[in-house]
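Encoded as structure tokens, the structure appears first; notes follow it.
Residue numbers (the numbering used here): 79 to 138.
If you want it as structure tokens, here you go:
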């Protein structure tokens with residue numbers, strides 16, 4: 079699922095949701111701003127929602 083995302087978006091998603099790191103911690107790790115981390119997280123969440131919509135449509 080995450081393979082289709084840009085690397086930093088996938089990393090930010092894992093760090094935030096699996097490792098429970100804060101935006102500030104993720105930003106420091108990736109060398110980007112807190113705002114960019116939020117953009118990466120939004121990108122990853124949108125990707126997940128699109129996948130869920132496809133799976134739901136396929137199951138119908």
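Where is the CB? At the ideal position from N, CA and C, for every residue including glycine.
Query                                                                           : Result
Coarse secondary structure for residue 98, derived from DSSP in three states    : coil
Cα-Cα separation between residue 89 and residue 127, rounded to whole angstroms : 18 Å
Per-residue DSSP class, three states only, for residue 83                       : coil
Distance between residue 101 and residue 116 (C-alpha atoms, nearest Å)         : 7 Å
Residue 107 versus residue 133: straight-line alpha-carbon distance, rounded    : 33 Å
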